[in-house]
Amino acid sequence: MVQWLHSPGLTAYEFAVQEMENRAAGIAAGEMDEAIWLLEHPPLYTAGTSAKKDDLTDPNRFEVHVSKRGGQYTYHGPGQRVVYVMLDLNKRGRDVRKFVRQLEDWVIATLAEFGVQGEIRPGRVGVWVQRKDKPLMPDGSLAEDKIAAIGVRLRKWVSFHGISINVEPDLEHYSGIIPCGIRQYGVTSLVDLGLPVTMADLDTALKRTFESIFIGNSPKSQLIRG
């Protein structure tokens, strides 16, 4: 079974990591259900396992947390939906690449619910949107902004960490880092794209699209709504 969890307000990062690790251990031991946890963090930066020191351009801006997830520097803060994904890949084929593709597909399907075309780019982790309203890139191609980040960790083939989607964060807060080590592209949000989407709207879309991406990969899967 996959249990949906929601924490109102802002959740401390250290607390979230401890809860994820406890849940992942419980799932691996067969003592707890798989879970999707929806939350928001106070403003902070996290450094993934591939983070480079020079990409933290303003180390005194917000708290910086060293994370064991994959990836480089990213920002979390109010107005961004963080989705921690704790699933048992022992039941889902033990295929890490497939799992990451599923996370990408989940974000893309969720964005499509609001008429936004999310895209994947080789060598650029996350989900991107083209910006026809911005000046062209030096090579003449359309400008692109990142709207969602992906970074996961596995322990005993159970995932934790997950994805984050920008609904209405303060995009200026990204200026203290080079997000994911990518300098030439920007970041955006659903509201920045001109869409009056609320966090509740996004949560509904995430739940609706989850089944089409993940349910069925395990014959024992069953959603618990809440």
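Okay, so the sequence shown: first residue is 1240 according to my numbering, each after it adds one.
For glycine and all other residues, C-beta sits at the position ideal for the given N, C-alpha and C.
Bear in mind that the values here come from a model prediction, so they are computed numbers and not experimental data.
Residue nearest to residue i in terms of C-alpha spacing, selected from the options
| i | options | result |
| --- | --- | --- |
| L1432 | F1449, K1373 and S1398 | K1373 |
| G1310 | D1294, F1353, G1425 and V1406 | D1294 |
| Y1323 | A1388, D1440, P1282 and F1301 | A1388 |
| G1316 | N1329, M1325 and F1301 | F1301 |
| S1414 | T1427, V1406 and V1364 | T1427 |
| P1282 | R1392, K1385, L1328 and A1251 | A1251 |
| A1263 | N1405, A1286 and L1326 | L1326 |
| V1364 | V1346, Q1242, Q1319 and E1411 | V1346 |
| L1328 | N1405, E1407 and G1269 | G1269 |
Strand pairing of residue i, partner residues [DSSP]
| i | result |
| --- | --- |
| H1224 | A query on residue 1224 cannot be resolved here, the shown segment of the chain reaching from 1240 to 1465 and no further. |
| A1264 | BP columns for A1264 are empty, so no partner. |
| Y1512 | Residue 1512 falls outside the range modelled here, since the chain spans only 1240 to 1465, and no answer is possible. |
| A1382 | R1370 |
| E1279 | L1249 |
| L1244 | W1276 |
| L1295 | I1416 |
For residue j and residue i, believed in contact at Cβ under 8 angstroms, the rounded distance
| i | j | result |
| --- | --- | --- |
| Y1314 | I1416 | 6 angstroms |
| A1267 | R1360 | With 8 angstroms as the limit, A1267 and R1360 do not qualify as a contact, their Cβ atoms being about 33 angstroms apart. |
| V1392 | R1308 | Before going on, a small fix: residue 1392 reads as Arg here, not Val. Contact flag correct, Cβ pair sits at about 5 angstroms. |
| T1288 | H1304 | About 13 angstroms; that fails the 8 angstroms criterion. |
query: Just checking, does the segment 1244-1252 make contact with the segment 1275-1287 on the three C-beta pairs under 8 angstroms criterion?
result: Contact between the segment 1244-1252 and the segment 1275-1287 is present, because at least three Cβ pairs lie under 8 angstroms.
Does the segment 1425-1443 come into contact with the segment 1355-1368, if we say contact requires no fewer than three beta-carbon pairs (one atom in each stretch) closer than 8 angstroms? Under the three-pair Cβ rule at 8 angstroms, the segment 1425-1443 counts as touching the segment 1355-1368.
### Query
How about the segment 1396-1413 and the segment 1324-1343: do they share at least three Cβ pairs that are nearer than 8 angstroms?
Touching, yes.
Exercise. Scan the segment 1386-1456 and note each continuous beta strand (DSSP E) run of 3 residues or more that stays entirely inside, going in chain order.
Key: Listed in chain order, they are 1397-1405.
Inter-stretch contact at 8 angstroms, needing at least 3 Cβ pairs: the segment 1439-1455 / the segment 1411-1423: Contact between the segment 1439-1455 and the segment 1411-1423 is absent: fewer than three C-beta pairs spanning the two stretches fall below 8 angstroms.
- alpha helix (DSSP H) segments (min. 4 residues) lying fully within the segment 1312-1369: Runs found: 1335-1351.
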